[in-house]
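Read the structure below first, then the notes.
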Amino acid sequence: MSLNRKVRPNLTNYDVLEMVRSELRESENRVMKKMVVTAVCTVFSIFMIITLVVTTQGKTVRNYAAEAMKKAFEAERAVYIIDEAAGTNFLEQSKQTK
C-alpha cells in the first residue's frame, strides 16, 4: 500500500474499506497500463509483419513479372524466326490487314 498514514490501534471498517479501495484503484491503473502497452505492441507487431510481407513479396512479384516479360519476348522472337524461316510472312500480312 502506498498510503502513508499513521497506523492507529483501532482500525474501523471505514479505514479498511478505504485502504481496499485505494489498492483496487492502484491495481486497476497497473492493469490498464499493461493492457495499453500490450495493445500498442500488438498493433506495432502487426504493422511490422505486414511491412515485412509486402517488402518480401514485392521482390518476388517483380521477379515473376521480369521472367514473364522475358518469356514473352523470347516467344515473339521465336514466332518471328519461324515466320521468316517458313517464308509465310504471316506477321507482315497481319500488319498490312490492320
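Mapping to our numbering: the sequence shown position 45 is 45, numbers consecutive. Note that beta-carbon positions come from the ideal geometry of N, C-alpha and C, so glycine has one too.
In the DSSP annotation of this structure, the continuous segment of the alpha helix (DSSP H) that includes T56 starts and ends at N13 to A86. Excluding the 5 residues flanking it on each side, F90 has same chain C-beta neighbours closer than 6 Å at D83, in chain order. E76 and T97 have their C-alpha atoms spaced approximately 19 Å apart. Only residues of its own chain outside the window of five on either side were considered, and among them none has a CB closer than 7 Å to the CB of A39.
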